[in-house]
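Okay, so here's the structure we're looking at.
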Amino acid sequence: MIRIGMNPDIINAGGFVLSWHGFFTFVAVAVSVFLVARWARRDGIDTESVYAVAVWAVVAGILGARAVHVIDRWDYYSQNLGQVFAVWQGGIALWGAILFGFLGGAGYIGGRKLLGRIYAGQTMGWWKKLVGERIAQGYLKGAMYARFKEFSIGRLADLSAPGLLIAQTIGRIGDIINGEHLSVRTDLPWGFVYSHPASGSFQLWGLTASQPVIAYEMLWNMLVLFVIWKLRGRLAPPGMLFALYLMLYSLGRFFIQFLRLDKEWFAGLQEAHLIALVVLAITVPLLAYKARFVKPAPAPAVTARQRRRARGKG
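Read in order, the letters of the sequence shown are residues 2 to 315 in the working numbering.
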């Protein structure tokens, strides 16, 4: 058996709690954004735009992750409304982070394109009169429109897929330390035994071993990462690699979830089961209908101007 006796909290003082879950979530997000920006720069996308999208994706992801978690455990939070937004204490749902993060980033890109078209006079010519010429020219710069008008949501999503898998793997380290994701008991030699009194698994099972479901998910994430990495540039059109990532993660998560002891919603299925089924129902037909294998495209020629912009110097 594998024994884990660490305190789930790094800091617990004066009403402020910072858990290992929260710490590794922060590290995971930072690493993911850094890597995606680096890959995007090599692909001819300026890093300033990537970081701008990342801000919206991260904020939406955090809110979505917390919302999905709170909905799943509303019986508790309805009696403790003051803890609904205490994200730093832990308690987020990965599905919410993935899906809402995508919507946040995609929404920002779409919004920038729309605002750029408005400024360029392609739609709603009365808009400049409404807000004033000075505001229009000061905020909706032609350069900003040029930066986003060719920005492909699918292209950036494909670049983000391996980064998200790396982030998920890093973030799950905190979950393993905390022992907050409860799972069924096991006699397997690699079962986890939590000995710290503040651990959720210890409070449920004591010193009895439980299935290392989070470790299983980490291994699945790494396997999916290997597949996704090998297929970079080989799936068309843009967005299909991201769809494949969602499909493969959903498939593994659906089966691993049966070992967890989360609230059952319908026919013995938990919230994560239902979300995985919805994602599979969308991604499987999408990939079957649209995805096709192509030869990897040569690296795009990057001009000196694009190189300066990618480095944030122009």
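In this text, a Cβ means the ideal position worked out from N, Cα and C, and glycines have one as well. Since the structure is predicted, the reported quantities are computational estimates derived from the model, not experimental observations.
- Exclusion of the five residues before and after Met2 leaves Gly192, Val194, Ala210 as the residues of its chain whose Cβ lies within less than 6 angstroms of its Cβ.
- By the neighbour-count criterion, in which 16 or more other beta carbons inside 10 Å mark a residue as buried, Arg4 falls on the exposed side.
- Counted as a single uninterrupted DSSP element, the stretch harbouring Ser33 is not any beta strand (DSSP E) but the alpha helix (DSSP H) occupying residues 21 to 43.
- Per DSSP, the beta bridge partners of Ala14 are Phe17.
- A straight-line Cα-Cα distance of about 22 angstroms links Leu262 and Leu281.
- Spanning the alpha carbons of Leu232 and Arg254 requires a straight line of approximately 21 angstroms.
- Taken in chain order, the unbroken stretches of beta strand (DSSP E) that lie wholly in the stretch 206 to 272 and span 3 residues or more are 265 to 267.
- Annotated three-state conformation of Arg293 is strand, per DSSP.
- Annotated three-state conformation of Ser50 is helix, per DSSP.
- With a cutoff of 8 angstroms on beta-carbon distance, Gly62 and Ala107 are scored as not near each other.
- Between Leu260 and Gln212, the C-beta spacing is below 8 angstroms.
- The Cβ atoms of Ile174 and Ile110 do not sit closer than 8 angstroms to each other.
- Note that the C-beta distance between Ile171 and Val32 is below 8 angstroms.
- Taking 8 angstroms as the cut-off, the Cβ atoms of His182 and Val225 do not count as close.
- Asp10 counts as buried, since no fewer than 16 other beta carbons sit within 10 angstroms of its beta carbon.
- Less than 8 angstroms divides the Cβ of Lys291 from the Cβ of Met241.
- The Cβ atoms of Trp96 and Ile276 sit closer than 8 angstroms to each other.
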